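Below is one structure, written out as structure tokens; comments come after it.
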């Protein structure tokens, strides 16, 4: 926590989306398998998909191809085109909120904290999921992967959102569930909170260097 005269001056939180706010594993596995089926390749499991997510759609498809009959991912461009079409239609399929997320977000809003989402999911789908799941009144900004801003763990997206919210590094937390998120926060110079209900385990997040780990959403409130 950052204090000035005994008062916490944390002003903003930037959240990862998949595995942090929403459980999107069913959604992504479904769309990947529809893609692979259309390409005549074998299916992946949810556990495989869990380990492939976090670095953007291209890495997800590339790794899926490698275990599904295309070991060199030579059909990556074809797969990306098919996946883009399919996922755009199904990005909210079976997406659920983790228990305690709505209450935690409301508590942050009640404290006047600015909230933003930063995902390696394509920008169009990121905005669509956030709008459909959370509505228009929770998050100040939602941003996915798009041209001109390097994907996480590069800090570009974090810095852009901080500029929009007019906050400094000392006034902003980054929250995520993966080693990519831990690196993103560190690269941006932010205090980083790793969540243990998502797609990675405690050891992974500890090794990645998250500043703090939390087991339940309400635990985040102690840092603001």
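In this note's numbering, the protein residues as written are 67 to 290. We treat Cβ as the ideally placed atom computed from N, Cα and C, and that holds for glycine. As the structure is a prediction and not an experimental result, all values here were calculated from the model.
Do you know whose CA, among 213, 88, 180, 192, lies nearest residue 76's CA?
180
Would you identify the three-state DSSP class for residue 276, choosing helix, strand or coil?
coil
Starting from residue 211, follow the beta strand (DSSP E) in both directions and report where the run begins and ends.
207–211
Can we say the segment 138–150 touches the segment 268–286, given the rule of at least three CB pairs closer than 8 Å?
no
What residue does the beta strand (DSSP E) around residue 186 start on, and which one ends it?
180–188
For the alpha helix (DSSP H) holding residue 115, just list the boundary residues, first then last.
112–118
Quick check: the segment 271–285 against the segment 159–168, are there 3 or more CB pairs under 8 Å?
yes
Suppose the cutoff is 7 Å on Cβ atoms and the five residues either side in sequence are ignored; what does the same chain contact list for residue 86 look like?
241, 242, 243, 261, 264
Following the continuous beta strand (DSSP E) through residue 226, name the residue where it begins and the one where it ends.
Segment 222–231 is the alpha helix (DSSP H) holding residue 226; no beta strand (DSSP E) there.
Within its chain, find whatever has a CB closer than 8 Å to the CB of residue 67; leave out the 5 residues flanking it on each side and keep chain order.
Low local confidence applies: a pLDDT of 49 at residue 67 is under 50, so the model's placement there is unreliable, with the coordinate-based value given in what follows. Cβ neighbours of residue 67 beyond the five flanking positions: 74, 76, 288, 289, 290.
May I have the straight-line CA-CA distance separating residue 197 from residue 134, to the nearest angstrom?
33 Å
According to DSSP, is residue 70 helix, strand or coil?
Reliability of the predicted coordinates at residue 70 is poor, the pLDDT of 49 falling under 50, and the value obtained from them is presented with this limitation in mind. Strand.
Limits of the unbroken alpha helix (DSSP H) element including residue 153
For residue 153, the uninterrupted alpha helix (DSSP H) run begins and ends at 142–156, by DSSP.
Would you please state the rounded distance, in angstroms, between the beta carbons of residue 95 and residue 115? I believe it to be under 8 Å.
4 Å
Starting from residue 167, trace the alpha helix (DSSP H) in both directions and tell me its first and last residue.
167–176
State the DSSP-derived secondary structure class of residue 82, mapped to helix, strand or coil.
coil
Quick one: using the 10 Å Cβ neighbour count with 16 as the cut-off for buried, is residue 245 buried or exposed?
buried
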